[in-house]
Amino acid sequence: MSDSKSSILANIRSNFPKQNIGYPTIPTYTVPGKDLLQTFQENALVAGASFYKVNNVGEAQEIAQKLYPDAKVICSATDEWAGNKDWDKINQPQDMEDVDVAIVRTHLGVAEMGMVWLTENDLRVNSLGFLCQNIIVLLDPKDISENMHTAYPLTQLDKFNYGCFVMGPSATADIGAVLVRGAQGPRSLVIFFLEKN
Numbered sequence: 021m022s023d024s025k026s027s028i029l030a031n032i033r034s035n036f037p038k039q040n041i042g043y044p045t046i047p048t049y050t051v052p053g054k055d056l057l058q059t060f061q062e063n064a065l066v067a068g069a070s071f072y073k074v075n076n077v078g079e080a081q082e083i084a085q086k087l088y089p090d091a092k093v094i095c096s097a098t099d100e101w102a103g104n105k106d107w108d109k110i111n112q113p114q115d116m117e118d119v120d121v122a123i124v125r126t127h128l129g130v131a132e133m134g135m136v137w138l139t140e141n142d143l144r145v146n147s148l149g150f151l152c153q154n155i156i157v158l159l160d161p162k163d164i165s166e167n168m169h170t171a172y173p174l175t176q177l178d179k180f181n182y183g184c185f186v187m188g189p190s191a192t193a194d195i196g197a198v199l200v201r202g203a204q205g206p207r208s209l210v211i212f213f214l215e216k217n
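Read in order, the letters of the sequence shown correspond to residues 21 to 217 in our numbering.
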């Protein structure tokens with residue numbers, strides 16, 4: 021660096037005013053007494069998802085069997101629910117293309133949008149959440165946050181390389197406004213409200 025440039029930059033740095041300006045405090049916009057589970061359910065329905073309150077995995081499995089009687093490949097990314105896809109044979113993201121039903125456990129739901137937060141730990145292979153035909157998400161009602169302001173700090177972005185909010189099944193519409201589900205992702209999203217073990 022030239023002497024004059026160094027001198028100018030040094031003068032700027034030494035004369036720069038000392039400022040200690042903190043980040044603004046952003047309100048969380050919470051509503052005291054709001055029923056988060058009810059709000060989540062209402063918004064999940066609007067987004068095209070369905071949901072069930074269950075007491076155990078066995079109940080959830082019975083409902084899933086009725087919802088997806090023809091499902092052959094079931095891939096579970098949670099130890100709570102056994103699938104039949106062998107994780108040892110998954111070598112690349114495309115190996116998830118034959119999954120009829122994916123099962124994942126999330127640690128965060130957002131009531132104002134009826135959506136869930138899924139990370140690479142929840143999915144194990146990121147493509148599972150997008151190449152499967154149908155996705156089942158296990159959500160503990162205690163893990164529902166009121167809105168994006170309260171949910172964002174809970175995403176734990178510093179702990180994960182990948183995460184996404186999922187709201188309802190995949191949907192797209194053409195110019196005629198015909199809504200098509202599953203055009204670019206899962207055709208259905210089912211949420212089971214199930215407490216963690």
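Note that the Cβ used here is the ideal one computed from N, Cα and C, for glycine as well.
Within the region 78-111, ranges of the beta strand (DSSP E) (whole runs, at least 3 residues): Listed in chain order, they are 94-96.
Residue range of the beta strand (DSSP E) that includes Gly-183: Sequence index remark: in the sequence shown, residue 183 carries index 163 (1-based). According to the DSSP assignment, Gly-183 belongs to the beta strand (DSSP E) that extends over 183-186.
Anticipated Cβ contact below 8 Å, Val-210 with Ser-70, distance rounded: Position 190 of the sequence shown, counting from 1, holds the residue named residue 210. Position 50 of the sequence shown, counting from 1, holds the residue named residue 70. The pair is a contact, with the Cβ atoms about 5 Å apart (cut-off 8 Å).
Which of helix, strand or coil DSSP assigns to Leu-159: Taking the sequence shown and counting its residues from 1, the one referred to as residue 159 is at position 139. In this structure, Leu-159 counts as strand in the three-state DSSP scheme.
6 Å CB neighbourhood of Val-130 in its chain, flanking five on each side removed: The count along the sequence shown starts at 1 and reaches residue 130 at position 110. Leaving aside the five residues that flank Val-130 on each side, the residues in its chain whose CB is nearer than 6 Å to its CB run, in chain order, Ser-165 and Ala-171.
Ile-123 classed as buried or exposed, judged by whether at least 16 other C-beta atoms fall within 10 angstroms: Indexing the sequence shown from 1 puts residue 123 at position 103. When all chains shown are included, Ile-123 counts as buried.
For Tyr-49, the three-state DSSP class (helix, strand or coil): Stepping through the sequence shown from its first residue, residue 49 is reached at position 29. In the structure shown, Tyr-49 sits in coil (DSSP, three-state: anything other than H, G, I, E or B).
Counterpart residues of Met-135 in DSSP-defined beta bridges: As a first step, residue 135 must be located in the sequence shown, where it is residue number 115. Per DSSP, Val-130.
Alpha-carbon to alpha-carbon, Pro-44 and Gly-53: As a position in the sequence shown, residue 53 is number 33, starting the count at 1. As a position in the sequence shown, residue 44 is number 24, starting the count at 1. Straight-line spacing of the CA atoms in Gly-53 and Pro-44 works out to 26 Å.
Counterpart residues of Val-121 in DSSP-defined beta bridges: For this step, residue 121 is matched to residue 101 along the sequence shown. DSSP output for Val-121 lists Ile-94 and Asn-154 as bridge partner(s).
Pairwise C-alpha distance: Val-93 and Asn-104: As a position in the sequence shown, residue 104 is number 84, starting the count at 1. As a position in the sequence shown, residue 93 is number 73, starting the count at 1. When only Cα atoms are considered, Asn-104 and Val-93 end up about 6 Å apart.
Residue of Pro-37, Lys-179 and Leu-158 minimising C-alpha distance to Glu-215: Locating residue 215 in the sequence shown gives position 195, counting from the first residue. When each option's Cα is compared against that of Glu-215, the closest is Leu-158.
Lys-25 (DSSP reduced to helix, strand or coil): Position 5 of the sequence shown holds residue 25. Assigned with DSSP and collapsed to three states, Lys-25 falls in helix.
Neighbourhood of Pro-161 by C-beta, 7 Å cutoff - its chain only, sequence neighbours within 5 removed: Within the sequence shown, the letter at position 141 stands for residue 161. Correct list, in chain order: Leu-57 and Phe-213.
Option in Gly-188, Cys-95 and Glu-62 with minimal Cα separation from Asp-106: Translated into the one-based positions of the sequence shown, residue 106 becomes position 86. Closest by alpha carbon: Cys-95.
Exposed unless 16 or more other CB atoms sit within 10 angstroms - verdict on Pro-37: The residue given as residue 37 occupies position 17 in the sequence shown. Looking at its Cβ environment, which holds fewer than 16 other Cβ atoms inside 10 Å, Pro-37 is exposed.
Burial state of Thr-59 (16 or more Cβ within 10 Å): What you label residue 59 is simply residue 39 of the sequence shown in a count that begins at 1. Burial state of Thr-59 is buried, judged by a 10 Å Cβ sphere holding 16 or more other Cβ atoms.
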